[in-house]
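Beneath this line is the structure, given in structure tokens, with notes to follow.
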Amino acid sequence: MDLKFLDFEQPIAELEAKIEQLRFVGDDSQINISGEIERLKGNSRTLTKKIFSHLSSWQIAQLARHPQRPYTLDYLDTVFTDFQELHGDRMYADDKAMVGGLARLEGIPVMVIGQQKGRDTRERVQRNYGMPRPEGYRKAMRLMKLAERFGLPIITLIDTPGAYPGVGAEERGQSEAIARNLFVMATLKTPLIAVVIGEGGSGGALAIGVGDRLLMLEYAIYSVISPEGCASILWKSADKAEAAAEALGLTAERLAELDLVDEIIKEPLGGAHRDLESMSEALKTTLLKHLADLQAMPTDKLVELRNQRIRSMGRFREA
Amino acid sequence: MSWFEKLIPSRIQTEGRTRSVPEGLWSKCSECSAVLYRADLERNLFVCPQCEHHLRISSRVRLDLFLDKEGRVELANEVQPVDALKFRDTKRYKDRIVQTQKSTGERDAMVVQKGFLMGIPVVACAFEFSFMGGSMGSAVGERFVRAVEAALADSSALICFSASGGARMQESLLSLMQMAKTSAALARLAEHGVPFISVLTDPTTGGVSASLAMLGDLNVGEPKALIGFAGPRVIEQTVRETLPEGFQRSEFLLEHGALDMIVDRRNMREELARVLAKLGNLAHPVVEFETPV
């Protein structure tokens, strides 16, 4: 698959195009240009490092939504083994915007749950652009309770623009479905690690994201509202999304400063989509580390600490 | 302009007369536009005597109408908002807070009081919609959790009247986390068998409806209140069709199984007292109807 470049990556794209051209020439001529190619590749890396060393919040948001960014099922392939997908909420439907099932992490049986976006137009529609309906959240809750019964740790992978705002979703109780998950996750008697792998879109993300650890990939975002939504409400203009992204502080780095994120997982140079293998390796290592900590804890202690953690969220003053 | 004003020669017409009704004397129903004598409206608990429309009321009026007059104590009022993110849109959040505090007389968008409902001890909280759309930030979340803790400590029922557009954008992820925080507190309340009644009033949407407001042991709606996850405008833009009449109103939610019942504001005290008396295995509360002023 050809790499897609974002607007701010255009200088890198130009260099890469030049390298491709040279390769093409190199293929059907006798001249040795591999030295030149190596030199340009070095330049490309330096340029990428330079551009990625000072990304704005808006640019990071674009990376989080990159069409080639690895999705939940990609990581289920690379980080986990022996995945068996489980379907349905037992009440209404199987929501394909939310996937989940049993898997192994380095041999340890776990329950993995996450939103799933689509890669091409057909799949995007089928996955509803990663926006779950109530049945998606109810499936997630069913799987969490199943995991609890058998003492399996839960790992959730968050990647959604938000819960779906549609007529049917409202009729079937989108609010209640999200609220019930928040209620249930607070007392689950098994470890839960949430990882924002792409877009953490508000309540639709939080509905599978309350647990013992919150991890974020370096270029993932997590916010109460999309920058576009925030701009159109507060600035009365969707064009101000860039300013809104900055104000919302939706990057992993800013959120870690507010003590809302436990660990940021570094991405490969240029973003997770440039090197799925090393991204997966980093994710796996981090998950195993936190899982070991949590599994060493007695369940009562685990739930108590989780509640203390949730209780302490927020900034206010007393007067 | 009314027929009467049309008769008056224009030079003696007072400009903007219809708008500047003296505060506290006359009110206009926001639904049927009937001009109502304020004292009548108050006696009717701000329900329009003409069309039964439940007008929006402030958090303080709400609790005044709901709780017994005697034995009320305000809780958690010391909790105040801060601008942790130095958030700035067209205005600084810090300035918005100060300005809204001045115009509403409240420190944030929730008031909590401990008291009695027809003699039954309760903790009651109410969202203040005029404070930045009743939005839930850290201070509102903390106040709600303190209300839950007060209910837990006394084993008295918790009642929350919600009226909110959702999470407060200016506190970004800190606001979102208040959904988790309030829901987790309610899970503890449920574990201890203390009842929580959520009364959803006009309007309750977004992060508040998708957390504490939908987690009542009983979910009660006021008539015709707008209740939903996404606002109607967002849905309209997404599905690109006009929404059916009555969509996301209390009656619609009752029909779809999200509410236990719809209660007229004028019967709220009695209905909830009867529920709590049964849940607490108490005798039937005094049913003689009384209207607190």
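Each protein sequence line maps, in turn, to chains A and B. Counting from 1, one number per residue, gives the positions in the first sequence under this note's numbering. Counting from 1001, one number per residue, gives the positions in the second sequence under this note's numbering. C-beta: ideal position from N, C-alpha, C; glycine also.
For secondary structure counted as the beta strand (DSSP E) over 3 or more consecutive residues, the segment 1048-1084 of chain B holds these complete runs in sequence order: 1073-1075 and 1079-1081. For Glu-1142 of chain B, the chain A residues whose C-beta falls within less than 8 Å of its own C-beta are Gly-314 and Phe-316, listed in chain order.
One thing to note: Gly-1141 of chain B has its Cβ within 8 Å of the Cβ of Lys-1181 of chain B. For Val-195 of chain A, the enclosing beta strand (DSSP E) has its first and last residue at 192-201.
The C-alpha of Ser-1155 of chain B is placed about 21 Å away from the C-alpha of Asn-1077 of chain B. A residue is called buried once 16 or more other Cβ atoms fall within 10 Å of its Cβ, and Asn-1281 of chain B, having fewer, is exposed. For Met-1169 of chain B, the nearest beta carbon of chain A is closer than 8 Å to its own beta carbon.
In terms of Cβ geometry, Thr-1090 of chain B and Trp-58 of chain A do not form a close pair [threshold 8 Å]. Counting only the Cα atoms, Asn-307 of chain A lies some 25 Å from Pro-134 of chain A.
At a cut-off of 8 Å between beta-carbon atoms, Ser-53 of chain A makes no contact with chain B. Taking a beta-carbon distance threshold of 8 Å, Asp-1202 of chain B does not count as an interface residue toward chain A. The segment 218-229 of chain A makes contact with the segment 244-252 of chain A: 3 or more CB pairs, one atom from each, lie closer than 8 Å. Within chain A, the residues placing a beta-carbon under 8 Å from that of His-1256 of chain B are Glu-171, Arg-172 and Gly-173, ordered along the chain. Within the segment 1210-1223 of chain B, the residues whose Cβ lies closer than 8 Å to some Cβ of chain A are Ala-1210, Ser-1211, Leu-1212, Ala-1213, Met-1214 and Leu-1215, listed in chain order. Those residues of the segment 1115-1129 of chain B placed with their C-beta closer than 9 Å to a C-beta in chain A do not exist. When DSSP states are grouped into helix, strand and coil, Lys-4 of chain A belongs to the coil group.
DSSP places Arg-119 of chain A in the coil class of the three-state scheme, outside both helix and strand. With its beta carbon at least 8 Å from every one in chain A, Phe-1161 of chain B lies outside the interface.
A direct Cα-Cα distance of roughly 11 Å separates Lys-301 of chain A from Pro-191 of chain A. Boundaries of the alpha helix (DSSP H) harbouring Phe-52 of chain A: 34-52, taken from the DSSP string. Any Cβ of chain B closer than 8 Å to the Cβ of Ile-158 of chain A would place that residue at the interface, and such an atom is absent.
Chain B places a beta carbon closer than 8 Å to that of Arg-311 of chain A, counting this residue as a contact.
Within the same chain, Cβ atoms closer than 6 Å to the Cβ of Leu-1254 of chain B are found at Ile-1262, the five residues on either side in sequence being excluded.
Within the same chain, Cβ atoms closer than 8 Å to the Cβ of Ile-12 of chain A are found at Phe-5, Ser-44, Leu-47, Thr-48, Ile-51 and Gly-270, the five residues on either side in sequence being excluded. In the three-state scheme derived from DSSP, where H, G and I count as helix and E and B as strand, Thr-251 of chain A is classed as strand. When DSSP reads this structure, Ile-1235 of chain B sits in no beta bridge, so it has no partner. Using a Cβ-Cβ cut-off of 8 Å, Pro-191 of chain A does not count as an interface residue toward chain B, since no Cβ of chain B sits closer than that to its own. Taking a beta-carbon distance threshold of 8 Å, Leu-1158 of chain B does not count as an interface residue toward chain A.
Annotation: the continuous alpha helix (DSSP H) that includes Trp-58 of chain A extends over 57-64. Asn-128 of chain A is outside the set of residues whose beta carbon lies under 8 Å from a beta carbon in chain B. Proximity to Ala-1258 of chain B across B:Ile-1235, B:Ala-1283 and B:Ser-1209 peaks at B:Ser-1209, based on C-alpha coordinates. Tyr-92 of chain A and Val-1220 of chain B have their C-alpha atoms spaced approximately 25 Å apart.
No Cβ of chain A is located within less than 8 Å of the beta carbon of Arg-1249 of chain B. The beta-bridge partner set that DSSP reports for Lys-1028 of chain B consists of B:Val-1035. The bridge partners DSSP lists for Gly-101 of chain A are A:Glu-85 and A:Val-112. If you look at Arg-317 of chain A, you'll find it in the beta strand (DSSP E) that goes 316-318.
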